[in-house]
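J.:
Protein chains in written order, with the numbering used here: chain A, 1 to 115; chain B, 116 to 231.
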């Protein structure tokens, strides 16, 4: 049981380049989400998904796209990277049960630098 | 929308002493969860403690305990017998109890240093 995995761990991009951050979980969790962590800002929700084929925007969605074709995977796409997207990105997953507590499991994070 | 405020950016404590980290939040919800997460230099997010808003009793996990004041919307974390391994960034977080999703709203975090 690998939990939540993220690849790559580190990435450097040039402005305007595109890339996909990968996130996978092997716990059959319905809910998956992406957060970004910036100094002095805490973690902020980018996009989330409550199941395959269902995605929605979080607090800071601009500049990012997501899709959820399988339960296991939830990739985050940067179509045209900007220096403002320099951040540490975390993927998280949990069961999605209405009204009950479901612990969120976090991946190890991806540190992205956009030059 | 919910907001979580951690007003102290940094704190320092001597090893073996007790330290309290503060957190306030704002919400119109009545049913929710509150959390403290620890992020050591490894960057991994670790759940420290959880409090259900409908429970009056404060949660405790070994050396970690909370002081939950629902009316005041305050949720502080007390670390007893501080250890060097407690050095980390700590985040307070909020989650609504209703609905199918599990969105977390985080505070900005506080950096805790434990001095030997």
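Where a beta carbon is used, it is the ideal one built from N, C-alpha and C, also for glycine.
(1) So residue 117 of chain B is in the beta strand (DSSP E); what residue range does that whole segment cover?
(2) Does the distance from the CB of residue 113 of chain A to the CB of residue 86 of chain A come in under 8 Å?
(3) Let me confirm a value: residue 209 of chain B is counted as buried when at least 16 other C-beta atoms fall within 10 Å, else exposed. Which label applies?
(4) Tell me, please, whether the segment 8-26 of chain A touches the segment 182-196 of chain B by the rule of three or more beta-carbon pairs shorter than 8 Å.
(5) Residue ranges of each beta strand (DSSP E) run of no fewer than 3 residues wholly in the segment 45-113 of chain A, ordered along the chain?
(6) I'd like to know if residue 89 of chain A contacts chain B, where contact means its C-beta is closer than 8 Å to some C-beta of that chain.
(7) Is the CB of residue 183 of chain B under 8 Å away from at least one CB in chain A?
(8) Looking at chain B, is there any beta carbon in it that lies within less than 8 Å of the beta carbon of residue 76 of chain A?
(9) Identify, in the order they occur along the chain, each residue of the same chain with its Cβ nearer than 6 Å to the Cβ of residue 150 of chain B, setting aside the five sequence neighbours on each side.
(10) Within 8 Å of any Cβ in chain A, is that where the Cβ of residue 217 of chain B sits?
(11) Taking 8 Å as the threshold (beta carbon to beta carbon), is residue 67 of chain A in contact with chain B?
(12) Under 8 Å between the Cβ atoms of residue 224 of chain B and residue 51 of chain A?
(13) In whole angstroms, give me the CA-to-CA distance for residue 178 of chain B and residue 197 of chain B.
(14) Grab the span of the beta strand (DSSP E) containing residue 135 of chain B for me, first residue to last.
(15) What separation, rounded to the nearest whole angstrom, lies between the Cα atoms of residue 65 of chain A and residue 101 of chain A?
(16) Rounded to whole angstroms, how far is the Cβ of residue 120 of chain B from the Cβ of residue 140 of chain B, which I believe are closer than 8 Å?
(17) Any beta-carbon of chain B closer than 8 Å to the one on residue 31 of chain A?
(18) Establish whether the CB of residue 126 of chain B and some CB of chain A are separated by less than 8 Å.
(19) For residue 205 of chain B, would you say it is in contact with chain A, using Cβ-to-Cβ distances shorter than 8 Å as the test?
(20) Of all the options A:58, A:72, A:81 and A:29, which has the alpha carbon lying nearest to the alpha carbon of residue 116 of chain B?
(21) When you compare the CB positions of residue 19 of chain A and residue 81 of chain A, do they come within less than 8 Å of one another, or not?
(22) For my contact list, residue 37 of chain A and residue 4 of chain A are in at a C-beta cut-off of 8 Å; report their separation, rounded to the angstrom.
(23) Checking the sheet assignment: what are the DSSP bridge partners for residue 42 of chain A?
(24) Please compile the residues from chain B whose C-beta is within a distance smaller than 7 Å of the C-beta of residue 104 of chain A.
T.: If we stick to the structure as given:
(1) Where residue 117 of chain B is concerned, there is no enclosing beta strand (DSSP E), given that its DSSP letter is neither H nor E.
(2) yes
(3) buried
(4) no
(5) 54-57, 64-66, 76-78 and 87-94
(6) no
(7) no
(8) no
(9) 165 and 208
(10) yes
(11) no
(12) no
(13) 8 Å
(14) 134-136
(15) 28 Å
(16) 7 Å
(17) yes
(18) no
(19) no
(20) A:58
(21) yes
(22) Going by Cβ atoms, the distance from residue 37 of chain A to residue 4 of chain A rounds to 15 Å, so no, they are not a contact pair.
(23) A:38
(24) 217 and 219
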